[in-house]
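Residue numbers (my numbering), protein chains in the order written: chain L, 12 to 366; chain R, 12 to 366.
Ideal Cβ placement from N, Cα and C applies to all residues, glycine included.
To start, the structure under review is shown below, and the notes come after it.
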DNA sequence: CTGAAAGCGCTAACAC
DNA sequence: GTGTTAGCGCTTTCAG
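Here it is in structure tokens:
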């Protein structure tokens, strides 16, 4: 029953008294064999505790039934939650997930992809639309289908499962402006190789511009997408007399770090400084004060990306994807202040804006 | 240069003017071929953009150069951080990581493992020591080396890379007792199939007992290891007049949920209820009030597990692992209260304990 | 619907 | 050191 040598399909076929080919078919296309044959094979499989050899199967069929996902990081819960959904959905369709993270290093993404291609996967899931030329080249060269996730922008690739960071940032900034703020600072991520970071500034800038406000160059900073990034932004902007009344952050992680830095330095949030986030991670509702942020379709991205990649692998045509929705979630970290005159913060009008 | 058909080692060998065998050796054992041969092969590889076929390699060599890790969940940052380290370290040694999560479902762990075995991996990393019989059986049957992580207990398997949850919980509870608490409640995880949860209660109970306190049955609850679990514990214990002065949680996630639930219900932490955590995730230092918790060697576990699994795969003998250390981190969420008489909370002594 | 047979691309003896 | 060759375990034609 438990043999020393791992038993093979040939063993199964022999025991079942059928040919190798029939045994193979019984396992992969059960409805193309006679019920009797199927039964004999299944019986033999059970008896031997037979388990397919994936490598042999992959070699012969040129399909590995695994897809790889290369993410920026696993440290942002927004990604780990999405990956979990991706994995679960893929699993349902009979695929495994190989996950790797490049920690925002373009070169590491290339290296990972190369290793993954070498290992053999049926498709890949990437985050964002801005990748090195080598990445696309590798995918093309090996005929690997891929879906791009999170970002949905004006790039022409039809398999982008995501939302518009530009629109999301625009909406967030609009809410900020409508809350009466004019002194607005932005804690963004690094814009190089990251269209999401670029879209966030662009969207923010556009919304401010529409309100007649211009985003001061010295009130924009590029910081890592983690607690420390947000802290640093606070240190940078809140030192002098001339400081913003709101800090728009690129991720909730940054925003939470910023809130904590404010607490440490005795800056009251939102009375002295409003802070907004992006992502709406579970913690966002729990920090003190709760975070005004952009809710994004984290789980949906995982699920839809999985479905799409399976369709692609199995050669079914898919219509181009339409962007998902995001919504601004208003909580306490954004203060609604009296409207100021457009030329500074001196005059106070009697109206107060609502979000 | 970029062929239609993915080029094979045979193509490389032909182009380099060497035999298939030499080409293979040039790639896998470069120092066993003449430098001139090596150079020719490398040149051909570059020219063709050759990439190994992992399936063929795996089939012929019986090694996949990938290891699988089955984790309870990716939603706890403690695990995602550790997985990241595991992955990075494995990568350095030339191995890939296949990650899956069973969400605390024993049956799902078995299913995942079966799929993973079928797919083919060189080894597996599991969390904890308490697994279904089938899990060990599968590993044994296919001769798969494995390391057990996080937990280090009295099970006899020599490759457990972890720490003693019992000792850690004991220390935490000791600190709680020394802070003057006697009315102590425990928010634990589900104990079935989870020796870590069991060790936590056992350690806590032992520490209380050593102080002459017994853990009330109705002040112990099994909850999921997430925010909601902590919230529920607060709801359950803080309804009546007869309530604890401290809630010891099994994870920081539970503790953070508990703190938030207290905030919602107007229970002051730590004045009305002290709360302690376990794990020391990054958020622990940031919540308000900052969390007293057990710091655990998250990254070390990832790194050491990776190293050990590689040694095991490559057949090197390893001495049995010695447990890692944990430390209690004292922050504001645990109130140091005046010593009460052993028979209630009526009398106040003038001493106050320190942690 | 089934059996026979030809590979999939690589590694690992084995002889030279 | 290097070339030759026999598989690794499976899928997939192709006849029948």
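Any C-beta of chain R sitting closer than 7 Å to the C-beta of residue 131 (chain L)? Taking the first residue of the first chain as 1, we reach residue 131 (chain L) at position 120. At least one CB of chain R lies nearer than 7 Å to the CB of residue 131 (chain L).
Here's a check: name, in chain order, each residue in its chain whose Cβ is nearer than 8 Å to the Cβ of residue 18 (chain R), leaving out the five neighbours to either side. Reading the second chain from its first residue, position 7 is the one you call residue 18 (chain R). If the five residues before and after residue 18 (chain R) are omitted, its C-beta is found closer than 8 Å to the C-beta atoms of 59, 60, 61, all from its own chain and listed in chain order.
So, at 6 Å on beta carbons, what are the nonlocal neighbours of residue 357 (chain R) in its own chain, with the 5 sequence-adjacent residues on each side left out? Translated into the one-based positions of the second chain, residue 357 (chain R) becomes position 346. Bear in mind that the predicted position of residue 357 (chain R) carries a pLDDT of just 36, short of 50, making it unreliable; the figure below should be weighed with that in mind. Counting only residues of its own chain and dropping the five nearest sequence neighbours on each side, residue 357 (chain R) has no CB closer than 6 Å to any other CB.
Should residue 183 (chain R) go down as buried or exposed, given a rule of 16 or more other Cβ atoms within 10 Å for buried? Position 172 of the second chain, counting from 1, holds the residue named residue 183 (chain R). The residue in question, residue 183 (chain R), is buried, as its Cβ has 16 or more Cβ neighbours within 10 Å.
List, in order along the chain, the chain L residues whose C-beta lies closer than 8 Å to that of residue 62 (chain R)? On the second chain, residue 62 (chain R) is found 51 positions in, with the first residue counted as 1. The contacting residues are 125, 128, 129, 153.
Check whether chain L comes within 7 Å of residue 240 (chain R), counting only Cβ atoms and requiring the distance to be less than that. As a position in the second chain, residue 240 (chain R) is number 229, starting the count at 1. Not one beta carbon of chain L lies nearer than 7 Å to the beta carbon of residue 240 (chain R).
Output yes if chain L places a C-beta closer than 7 Å to the C-beta of residue 297 (chain R); else output no. For this step, residue 297 (chain R) is matched to residue 286 along the second chain. Residue 297 (chain R) counts as touching chain L.
Nonlocal neighbours in the same chain, by C-beta distance under 6 Å from residue 257 (chain R), ignoring five residues either side: Taking the second chain and counting its residues from 1, one reaches residue 257 (chain R) at position 246. Only 187, 192, 195, 285 meet the Cβ criterion.
Host beta strand (DSSP E) of residue 144 (chain L) (start-end): Mapped onto the first chain, residue 144 (chain L) falls at position 133. Note, residue 144 (chain L): premise wrong, no beta strand (DSSP E); alpha helix (DSSP H) at 144 to 152.
Find the residues of chain L that neighbour residue 107 (chain R), judging by a C-beta separation of less than 8 Å, and give them in chain order. Working through the second chain from its first residue, we reach residue 107 (chain R) at position 96. Close to residue 107 (chain R), with beta-carbon spacing below 8 Å, are these residues of chain L in chain order: 109, 111, 126, 127, 130.
Segment contact, 8 Å Cβ cut-off, at least three pairs: the segment 157 to 173 of chain L with the segment 206 to 222 of chain L: Flag = yes, the segment 157 to 173 of chain L and the segment 206 to 222 of chain L touch.
Does any CB atom of chain R fall closer than 7 Å to the CB of residue 91 (chain L)? Counting from one through the first chain, the residue named residue 91 (chain L) turns up at place 80. Residue 91 (chain L) counts as touching chain R.
Reduced DSSP secondary structure (H/G/I, E/B, other) of residue 280 (chain L): Walking along the first chain from the start, residue 280 (chain L) turns up at place 269. It is coil, neither helix nor strand.
Taking 7 Å as the CB-CB limit, is residue 95 (chain L) close to chain R? On the first chain, position 84 is the one that residue 95 (chain L) refers to. Answer yes: the Cβ-Cβ gap between residue 95 (chain L) and chain R drops below 7 Å somewhere.
Please name the residues in the segment 268 to 292 of chain L whose beta-carbon is closer than 9 Å to at least one beta-carbon of chain R, in chain order. Within the segment 268 to 292 of chain L, contact with chain R at the beta-carbon level (separation under 9 Å) is assigned to 268, 270, 271, 274.
Is the Cβ of residue 69 (chain R) closer than 7 Å to any Cβ of chain L? Here residue 69 (chain R) refers to the residue found at position 58 of the second chain. Interface residue, yes.
Between residue 134 (chain R) and chain L, is any beta-carbon pair separated by less than 7 Å? In the second chain, residue 134 (chain R) corresponds to position 123, counting from 1. Residue 134 (chain R) does not count as touching chain L.
Can you find a C-beta in chain L that's less than 7 Å from the C-beta of residue 200 (chain R)? Reading the second chain from its first residue, position 189 is the one you call residue 200 (chain R). Cβ-Cβ to chain L under 7 Å: no for residue 200 (chain R).
Close-in-space but distant-in-sequence residues of the same chain around residue 123 (chain R) (CB under 7 Å, 5 per side omitted): Position 112 of the second chain holds residue 123 (chain R). Excluding sequence neighbours, residue 123 (chain R) sits near 81, 111, 113.
Proximity winner among R:347, R:301, R:135, relative to residue 318 (chain R) (alpha-carbon distances): Stepping through the second chain from its first residue, residue 318 (chain R) is reached at position 307. The option with the nearest alpha carbon to residue 318 (chain R) is R:135.
Run through the segment 152 to 200 of chain L for me and flag every whole alpha helix (DSSP H) of 4 or more residues, listed as ranges in chain order. Those alpha helix (DSSP H) runs which fall completely within the segment 152 to 200 of chain L and span 4+ residues are 176 to 189.
Classify residue 95 (chain L): buried if its beta carbon has 16 or more other beta carbons within 10 angstroms, exposed otherwise. Within the first chain, numbered from 1, the residue matching residue 95 (chain L) stands at position 84. Using a 10 angstroms sphere on the CB of residue 95 (chain L), the tally of other CB atoms reaches 16 or more, which defines it as buried.
Could you work out which residues of chain L lie near residue 313 (chain R), taking near to mean beta carbons separated by less than 7 Å? Numbered from 1 along the second chain, position 302 holds the residue referred to as residue 313 (chain R). Chain-order list of chain L residues neighbouring residue 313 (chain R): empty, with the shortest C-beta distance near 11 Å, by a criterion of under 7 Å.
Does the beta-carbon of residue 253 (chain L) have 16 or more other beta-carbons within 10 angstroms, so that it is buried, or is it exposed? By one-based count along the first chain, residue 253 (chain L) stands at place 242. Exposed is the call here.
Uninterrupted beta strand (DSSP E) stretches inside the segment 64 to 124 of chain R (no shorter than 3 residues): Listed in chain order, the beta strand (DSSP E) elements of length 3 or more contained wholly in the segment 64 to 124 of chain R are 77 to 82, 107 to 112.
Does residue 212 (chain R) pass the burial test, meaning 16 or more other C-beta atoms within 10 Å, or should it be called exposed? Translated into the one-based positions of the second chain, residue 212 (chain R) becomes position 201. Residue environment for residue 212 (chain R): buried (at least 16 other C-beta atoms within 10 angstroms of its C-beta).
Strictly under 7 Å for the Cβ-Cβ distance: is residue 217 (chain L) near chain R by that measure? Within the first chain, residue 217 (chain L) is the residue found at index 206, counting from 1. Under the 7 Å criterion on CB atoms, residue 217 (chain L) is classed as non-interfacial with respect to chain R.
Along chain R, in chain order, which residues have C-beta atoms closer than 9 Å to that of residue 77 (chain L)? Residue numbering aside, residue 77 (chain L) sits at position 66 when the first chain is read from its first letter. Within 9 Å Cβ-Cβ: 109, 130.
Hey, quick one: how far does the beta strand (DSSP E) through residue 138 (chain R) stretch, first residue to last? Mapped onto the second chain, residue 138 (chain R) falls at position 127. Note, residue 138 (chain R): beta strand (DSSP E), 134 to 138.
Quick check: residue 133 (chain L) and residue 75 (chain L), are their CB atoms within less than 7 Å of each other? Within the first chain, residue 133 (chain L) is the residue found at index 122, counting from 1. Within the first chain, residue 75 (chain L) is the residue found at index 64, counting from 1. For the pair residue 133 (chain L) and residue 75 (chain L), the CB atoms are nearer than the 7 Å cut-off.
So, at 7 Å on beta carbons, what are the nonlocal neighbours of residue 117 (chain R) in its own chain, with the 5 sequence-adjacent residues on each side left out? Within the second chain, the letter at position 106 stands for residue 117 (chain R). Here the set comprises 143, 204.
In the DSSP assignment, what are the bridge partners of residue 305 (chain R)? Here residue 305 (chain R) is taken as the residue at index 294 of the second chain, counted from 1. The partner list for residue 305 (chain R) (beta bridge, DSSP) reads R:339.
N-terminal and C-terminal residue of the alpha helix (DSSP H) that residue 285 (chain L) is part of: In the first chain, counting from the first residue as 1, residue 285 (chain L) sits at position 274. From DSSP, residue 285 (chain L) is part of no alpha helix (DSSP H) but of the beta strand (DSSP E) over 285 to 287.
Who are the neighbours of residue 86 (chain L) on chain R, taking C-beta pairs under 8 Å? Counting from 1 along the first chain, the entry for residue 86 (chain L) is found at position 75. Within chain R, the residues near residue 86 (chain L) are 88, 91, 92, 95.
7 Å CB neighbourhood of residue 236 (chain R) in its chain, flanking five on each side removed: On the second chain, position 225 is the one that residue 236 (chain R) refers to. Around residue 236 (chain R), the same chain offers 87, 200, 261, 262, 264, 265 as residues with beta carbons nearer than 7 Å, after the five sequence neighbours per side are excluded.
Cβ neighbour criterion (16 or more within 10 Å) applied to residue 363 (chain L): The residue given as residue 363 (chain L) occupies position 352 in the first chain. Reliability fails at residue 363 (chain L), whose pLDDT of 35 lies under 50, so the model's placement of it is uncertain and no value is given.
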